[in-house]
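Numbers 0 to 261, taken from numbering that gives the first Met the number 0, label the letters of the sequence shown in order.
All residues carry an ideal CB built from backbone N, CA and C; glycine is no exception.
Heads up: the structure comes next, in structure tokens.
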Amino acid sequence: MSNNTDHSGKTMRKPLILVPTGSRERDGLDYQVMGTKYLVPLVSVSNCDILMVPTCFGSDAIDTYLDLVDGVFLSGASTNIDPTLYGQEWLTPDQSQDKDRDNFNIALIPKALNKGLPFFGVCRGLQEYNIAHGGDLYQALHDTEGMMDHREKDPDASLEECYGPNHKVTLVPNTWLADVIGQTEFMVNSLHGQGVKTLGQGLSALAHAPDGLVEAASNPAFAQFNLGVQWHPEWMTAHNPVYTKIFKAFGDAARQYAAQRG
């Protein structure tokens with residue numbers, strides 16, 4: 000684990016961020032995986048260390064993990080969340096699921112929030128965050144009247160094109176996120192087929208897409224940094240001032256939590 004040194008010369012450890020992994024099958028074998036692109040800004044921009052934990056062994060160890068860490072980060076993934084968790088039938092059988100990740104993360108989120116841990120969820124992470132609060136999802140935005148197609152425009156394009164600016168996001172004014180970012184509108188990438196339909200209990204929208212889709216949400220009942228965003232701020236974070244501000248704010252919150260617990 001990496002360490003910092005304060006002005007007195009005392010060695011201080013970096014905050015440790017819990018990052019749950021997800022399932023991936025290859026050649027008939029199951030793997031627990033996490034994309035490196037999600038980890039890079041946690042290390043290089045948030046200035047934190049990482050504890051990756053498997054989601055395939057159930058949720059019994061969640062309390063043990065949370066006692067070790069100073070923040071929780073939930074990534075995006077290619078899998079869709081089991082719709083029975085929010086009271087709907089499965090309408091996207093062409094998309095794979097990861098029920099182990101679903102069950103682990105939805106149990107993890109309230110425990111982390113109640114413990115006072117900073118929380119940051121990206122794409123699927125926002126959707127899990129919403130479901131953990133009792134909300135639901137649009138299963139196919141592109142087939143929903145009045146909603147934009149939020150998927151990448153050309154899945155065969157280069158990564159730079161897929162993760163490039165796609166649509167505008169407008170922040171709700173006079174919110175803590177608007178204060179962190181310092182502007183009310185900016186462009187984001189968009190690589191998701193699903194999205195928040197009904198916000199869960201206690202959640203407040205912090206940003207919207209042009210079609211009104213919730214692009215960022217937080218629970219003001221919890222004083223610590225807690226945020227879910229629908230876009231992918233982990234992509235080339237250091238080259239995007241808006242994304243950088245969010246990851247730095249998350250890292251600062253984790254440092255504050257670490258300092259408080261000693």
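In DSSP terms, what residue i is bridged to
i    : result
Q200 : The partner list for Q200 (beta bridge, DSSP) is empty, contrary to what the question assumes.
Y30  : R23
K167 : M186
A206 : L170, A215
Beta-carbon spacing of residue i, residue j below 9 Å
i    : j    : result
T183 : L198 : no
L158 : G192 : no
D69  : A208 : no
K167 : E160 : no
N225 : F72  : no
Q96  : N79  : yes
Y137 : L84  : no
L190 : H149 : yes
D48  : R12  : yes
T174 : R100 : no
L98  : I180 : Sequence inspection shows Lys at residue 98; the Leu mentioned does not correspond to that position. No, Cβ-Cβ distance for K98 and I180 is not below 9 Å.
G75  : C122 : yes
G201 : L41  : no
W234 : N188 : yes
Opening and closing residue of the beta strand (DSSP E) in which residue i lies
i    : result
V42  : No beta strand (DSSP E) holds V42; the alpha helix (DSSP H) holding it covers 35-43.
V228 : 225-228
K152 : No beta strand (DSSP E) holds K152; DSSP gives it neither H nor E.
I49  : 48-52
A216 : 213-217
F72  : 70-73
L136 : 135-137
Residue i, buried or exposed, once every other Cβ within 10 Å from all chains shown has been counted against 16
i    : result
E214 : buried
T63  : exposed
H132 : buried
T35  : exposed
R25  : exposed
Q259 : exposed
F56  : exposed
G124 : buried
A222 : exposed
Y30  : exposed
E88  : exposed
A156 : exposed
E127 : buried
M0   : Confidence in M0 is poor, its pLDDT being 47 and thus under 50, which makes the residue's placement too unreliable to answer from.
Sequence-distant residues of the same chain with beta carbon closer than 6 Å to residue i, five excluded per side
i    : result
Y242 : P232, T236
G134 : T197, L198, G199
N129 : V195, G199
A253 : P14, C47, D69, G70, P117
G115 : Q223
M146 : L140, D210
T143 : Y137
Range covered by the alpha helix (DSSP H) that runs through residue i
i    : result
T63  : 61-67
K98  : 98-113
L176 : 175-180
E159 : 158-161
A131 : 123-131
T236 : Note, T236: premise wrong, no alpha helix (DSSP H); not H, not E.
A248 : 240-260
Sequence-distant residues of its chain with Cβ nearer than 7 Å to residue i (five each side left out)
i    : result
A106 : S58, I61
P219 : S203
K247 : V44, S45
V228 : V121, L125, E214, A215
M51  : V18, T20, M33
A111 : L65, V71, F118
F103 : P19, T54, S58
Same chain only: Cβ atoms within 8 Å of residue i, ignoring 5 sequence neighbours per side
i    : result
P109 : A131
S22  : D29, Y30, Q31, V32, T54, C55, T78, D97, D99, R100
P172 : T183
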